[in-house]
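Below is one structure; the comments refer to it alone.
Numbering (the numbering used here), first residue to last: 368 to 734.
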């Protein structure tokens, strides 16, 4: 009996050991497979790096009625070329990309830029008076110096950027842009006037008092006996012509050519030729014919010296032309004031803010 008990206990012990072996600790979980390494896709980063990156600097504008222009430097910090294809602003009815050229007749002309304005990779393109610029046609509101407005520039590769442009110069009426907005019509004299006055040479009859040149023409000039307008309608084209002549840059060219280190600028001859054309196109009062003929003859000689690059010949002609232009401007201003004082009809005819004045300036530039 004891043997049976002992055997039973041994069997139970063995069974317990088996159960323990089979149902004890849970088997270890299999090791997780190592995570697969992920490689970042370089395509987007490389594309971004390769794309043109445009910085817009040195923004300024002249905004006058009816048109204006914006200038800037476009710097391409990317590795691919880019192109400024368009511009837009709420302050103007139309915005175009324009360039200044000088034709074979030494006449400045303004034309829309075909295909946009290129900015080379790693380089820059400057928009400035007398060259490339953003043209603001039909300004909707009066903008004073110091005002700012938004301008959106769209690039072929870099997309669009909206920048703040400060008005650094303005005029009561922008003779320089009268002709814009008529597509492919000639844009010559009025733009040369605009770009020369952009350098700060805008002249009126009162701006010459401190001029150092006392030429014989100025010394002998007398303002006592003024010519008169036979017809009030004649006042408008004469006023327009004087307005353009006063802003042509005579004073600035004179000072530059008569400085020791001054030199002839590429556009000087074109400016003088265009002034002469304005003289020829205008119907002047008979009493001014002598002054007009003397100035026109001098300007022909002056332009020839500039074209030939002869500073020695051009410098004294610059001083004399400046004085003759000053005298003419002085006399015409006095004539206009006298006519306006004597006649309400004359005063109404000479409203420089009226559309008629702008039309007359446009016609003068186009004829």
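By construction, the Cβ of each residue, glycine as well, lies at the ideal position given by its N, Cα and C atoms.
The Cβ-Cβ distance between residue 696 and residue 635 does not fall below 8 Å. Its chain contains 466, 484 as the residues whose beta carbon lies nearer than 6 Å to that of residue 499, once the 5 sequence neighbours on both sides are disregarded; these appear in chain order. Setting aside the 5 residues that flank it on each side, residue 455 is surrounded in the same chain by 462, 518, 519, 521, each with a C-beta closer than 8 Å to its C-beta; the list follows chain order. By the Cβ test, the stretch 652-672 is in contact with the stretch 625-643, since at least three Cβ pairs between them sit closer than 8 Å.
Counting of Cβ neighbours within 10 angstroms places residue 628 among the exposed residues, the total staying below 16. For the stretch 424-497, not one full-length alpha helix (DSSP H) segment reaches 4 residues or more. The beta carbon of residue 658 sits closer than 6 Å to those of 695, all from its chain and outside the five residues before and after it, given in chain order. Counting C-beta pairs with one atom in each stretch, the stretch 528-537 and the stretch 498-514 have three or more that are closer than 8 Å, which means they touch.
In the displayed model, residue 531 falls within a strand according to three-state DSSP.
Assignment of alpha helix (DSSP H) within the stretch 629-674, counting only whole runs of 4 or more residues, yields 635-648, 656-674 in chain order.
Nearest to residue 652 by alpha-carbon distance, out of 605, 430, 673, is 605. Counting every other CB atom within 10 Å of its CB across the protein chains shown gives residue 482 a total below 16, marking it as exposed. Relative to residue 676, the option among 691, 632, 647 whose CA is nearest is 632. Distances from the CA of residue 430 to each of 420, 516, 487, 447 were compared; the closest alpha carbon is that of 516. Inclusion of residue 525 and residue 423 in the CB contact set at 8 Å is not warranted, their separation being larger than that value. In the DSSP assignment, residue 605 forms no beta bridge with any residue.
With a cutoff of 8 Å on beta-carbon distance, residue 494 and residue 442 are scored as not near each other. Bridge pairing for residue 622: absent [DSSP]. Residue state for residue 524 is assigned as coil, using DSSP reduced to three classes. With 16 or more other Cβ atoms from the protein chains shown falling within 10 Å of its own Cβ, residue 608 counts as buried. In this structure, the straight-line span from the alpha carbon of residue 690 to that of residue 646 is close to 16 Å. A direct Cα-Cα distance of roughly 52 Å separates residue 445 from residue 663. Secondary structure at residue 499: coil, using DSSP grouped into helix, strand and coil. Residue 504 carries a strand assignment under DSSP once its states are collapsed to helix, strand and coil. In the three-state scheme derived from DSSP, where H, G and I count as helix and E and B as strand, residue 518 is classed as strand.
Assignment of beta-bridge partners to residue 422 by DSSP yields 442. Residue 468 sits exposed, since fewer than 16 C-beta atoms from the chains shown fall within 10 Å of its C-beta. Within the same chain, 440, 441, 442, 443 come within 8 Å of residue 491 by CB-CB distance, once the 5 residues on both sides are set aside. Nearest C-alpha to residue 489 among 529, 660, 630, 448: 448. In the three-state DSSP reduction, residue 536 falls in the strand class (E or B). DSSP places residue 677 in the coil class of the three-state scheme, outside both helix and strand. Counting the other Cβ atoms within 10 Å of the Cβ of residue 478 gives fewer than 16, which makes it exposed.
With contacts defined as CB atoms closer than 8 Å, residue 682 and residue 617 fail to qualify as a contacting pair. 451 is the residue among 626, 451, 699, 700 whose C-alpha sits nearest the C-alpha of residue 528.
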